[in-house]
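Colleague:
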Ligand code: CTP
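Numbering (my numbering), first residue to last: 3 to 403.
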């Protein structure tokens, strides 16, 4: 979204207030945001709010002599890369579907050429009404028209069901996807993420500090670029990236089973998960009591299966990307040895000691080692940008295959 010109269209629903957050998120992502509002939208949130948040004048009126000096609606359409309608009311969707053009939003829509993202918000019965169904069918059949949400849940009107506008973060992600190059279309990608939990008893486990953020960023980026994405995740509170098939697992053994069952159909597997190397030998079936365990407790641990090494031995095998989180000074040596032992195409290694890299952070500083001998140190980058670099490299290998 960075440097892209986004036209955020706000229409008249209670959910309009959520678009203030969306506007902020878009600006934060580096987009240049212009906001257009229907008259009804101005009943819910004032244009002043959006003017301040977008740092741009807000367009509300087709016949505003100030704005129409340059034929405002054509100017607005021509100077936007993406048209986002959030929230999109049943009325606005109907007008867009039928090509009406009697206010600023509808005329701008007709004049716009580019991707359109719709985030509907309405009462569940309105959403399910045959008229709305028909309108949605018409809209989504049009080239480059995309839908985000609506979600299920309790609504302002008291009803429960489909019609809740998507969350601002989801709309942001979908907006990014609308503009991303679809260079991974048709590619199936499996990403493992997070750490595993190895049960000691029903309430305790052996775990690690992985947050899952790197793997989730990879899944979101791959999906945004058009890939079919499966995300096999250890326990994580992170929300699923939009459009990704998520498989939740707990233990290393479950993760191994989930990945192996899907490995033959993947073009690319990225092992970003911090898989436990050891698991308690005989987990207790009931909660372990101190009286029973005594003053000192010794746990016997067994080695788990090395998932990546197993994938590396497949023939034929998908493109394989490994990770290595290390706390060593000779990272080069350790990373290369690990890559060779696991048989992957490249390995993404980082020293997890600095505060700006590794577990739980939003940024990462990695070195990418390739099987051919290459070494590519990257600067500190947001995890999503690291994900993009990893996928660029994987795509290069896929294209050569
Ligand atoms: N990995 C795996 N299965 C395991 C352990 C690790 O597939 N049981 C994968 C990780 O997902 C990662 C890579 O192997 O992509 C390296 O993981 P890491 O924990 O750094 O390496 P280990 O092989 O466990 O070696 P060590 O812990 O001794 O450094």
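Glycine is no exception: its CB is placed at the ideal position from the N, C-alpha and C atoms.
Quantities reported herein were computed from a predicted structural model and do not represent experimental measurements.
Taking DSSP as the reference, what is the three-state secondary structure of residue 201?
Modeller: Residue 201 falls in the strand class under three-state DSSP.
Colleague: Do residue 196 and the ligand CTP come close, with the Cβ less than 8 Å from some heavy atom?
Modeller: For the ligand CTP, not one heavy atom lies less than 8 Å from the Cβ of residue 196.
Colleague: Closer than 8 Å: is that where the CB of residue 306 sits relative to any heavy atom of the ligand CTP?
Modeller: Answer for residue 306: yes, Cβ within range of the ligand CTP.
Colleague: Hey, would you say the C-beta of residue 218 is under 8 Å away from at least one heavy atom of the ligand CTP?
Modeller: For the ligand CTP, not one heavy atom lies less than 8 Å from the Cβ of residue 218.
Colleague: Do residue 189 and residue 400 have their C-beta atoms closer together than 9 Å?
Modeller: Their beta carbons are under 9 Å apart, which means residue 189 touches residue 400 by this criterion.
Colleague: What whole-angstrom Cβ distance do residue 142 and residue 88 have, given they're in contact under 8 Å?
Modeller: 16 Å between Cβ atoms; not a contact.
Colleague: Does DSSP classify residue 218 as helix, strand or coil?
Modeller: Here residue 218 sits in helix by DSSP.
Colleague: Please list the terminal residues of the continuous beta strand (DSSP E) segment that includes residue 190.
Modeller: Start and end: 190-195.
Colleague: Report yes or no: do the region 214-224 and the region 272-284 share at least 3 C-beta pairs separated by less than 8 Å?
Modeller: Because the criterion of three Cβ pairs below 8 Å is met, the region 214-224 and the region 272-284 touch.
Colleague: What first and last residue would you give for the alpha helix (DSSP H) that runs through residue 378?
Modeller: Where residue 378 is concerned, there is no enclosing alpha helix (DSSP H), although the beta strand (DSSP E) it sits in stretches over 377-379.
Colleague: Going by C-alpha to C-alpha distance, which of 166, 29, 53, 221 sits closest to residue 193?
Modeller: Here the closest residue by C-alpha is 221.
Colleague: Just grab the DSSP bridge partners of residue 147 for me.
Modeller: The partner list for residue 147 (beta bridge, DSSP) reads 118.
Colleague: Going straight from the alpha carbon of residue 83 to that of residue 254, what length do you get?
Modeller: Between residue 83 and residue 254, the C-alpha separation is close to 44 Å.
Colleague: The ligand CTP and residue 276: does any heavy atom of the ligand fall closer than 8 Å to the residue's C-beta?
Modeller: Within the cutoff, so yes.
Colleague: Assuming residue 161 and residue 126 form a contact by the criterion Cβ under 8 Å, report the distance between their Cβ atoms to the nearest whole angstrom.
Modeller: The pair is a contact, with the Cβ atoms about 5 Å apart (cut-off 8 Å).
Colleague: Helix, strand or coil, according to DSSP, for residue 352 in the structure here?
Modeller: If DSSP states are grouped into helix, strand and coil, residue 352 belongs with the strands.
Colleague: Pull the bridge partners of residue 85 from the DSSP assignment, please.
Modeller: In DSSP, residue 85 forms a bridge with 9, 118.
Colleague: Going by C-alpha distance, which of 334, 288, 342, 302 is nearest residue 310?
Modeller: Cα-wise, what sits closest to residue 310 is 342.
Colleague: If you reduce the DSSP assignment to three classes, tell me which class residue 46 lands in.
Modeller: Correct three-state label for residue 46: coil.
Colleague: Under 8 Å Cβ to Cβ from residue 244, same chain only, skipping five residues before and after it: list those, please.
Modeller: Within the same chain, residue 244 has close Cβ partners 150, 172, 175, 176, 179, 222, 225.
Colleague: What distance in whole Å lies between the Cβ atoms of residue 52 and residue 29, which are believed to be in contact at a cut-off of 8 Å?
Modeller: In fact, because the Cβ distance is near 11 Å, the residues do not count as touching under 8 Å.
Colleague: Which residue's Cα is closest to the Cα of residue 114: 128, 130, 199, 8?
Modeller: For the residues 128, 130, 199, 8, the minimum Cα distance to residue 114 belongs to 8.
Colleague: What's the C-alpha gap between residue 45 and residue 144?
Modeller: Spanning the two alpha carbons is a distance of roughly 30 Å.
Colleague: Taking DSSP as the reference, what is the three-state secondary structure of residue 52?
Modeller: Here residue 52 sits in helix by DSSP.
Colleague: Taking just the CA atoms, how far does residue 369 sit from residue 353?
Modeller: Those two C-alpha atoms are separated by around 9 Å.
Colleague: By DSSP, does residue 298 sit in helix, in strand, or in coil?
Modeller: Note: residue 298 maps to coil in three-state DSSP.
Colleague: In terms of alpha-carbon separation, which member of 295, 12, 363 lies closest to residue 48?
Modeller: Comparing Cα positions, the closest option is 12.
Colleague: Given 8 Å as the limit, is there contact between the region 356-371 and the region 291-308, that is, 3 or more CB pairs closer than that?
Modeller: Contact fails: fewer than three Cβ-Cβ distances are below 8 Å.
Colleague: So, using beta-carbon positions, are residue 269 and residue 320 closer together than 9 Å?
Modeller: Yes; because the gap between Cβ atoms is below 9 Å, this pair is in contact.
Colleague: For a quick check, are the C-beta atoms of residue 350 and residue 315 less than 9 Å apart?
Modeller: It is not a contact, given that the beta carbons lie outside the stated cut-off.
Colleague: In whole angstroms, what separates the C-alpha of residue 21 from that of residue 123?
Modeller: Distance between the alpha carbons of residue 21 and residue 123 is about 12 Å.
Colleague: Determine the burial state of residue 332: buried for a count of at least 16 other Cβ atoms within 10 Å of its Cβ, exposed for fewer.
Modeller: Counting Cβ neighbours within 10 Å, residue 332 comes out exposed, since fewer than 16 surround it.
Colleague: Helix, strand or coil: how does DSSP classify residue 182 here?
Modeller: Coil.
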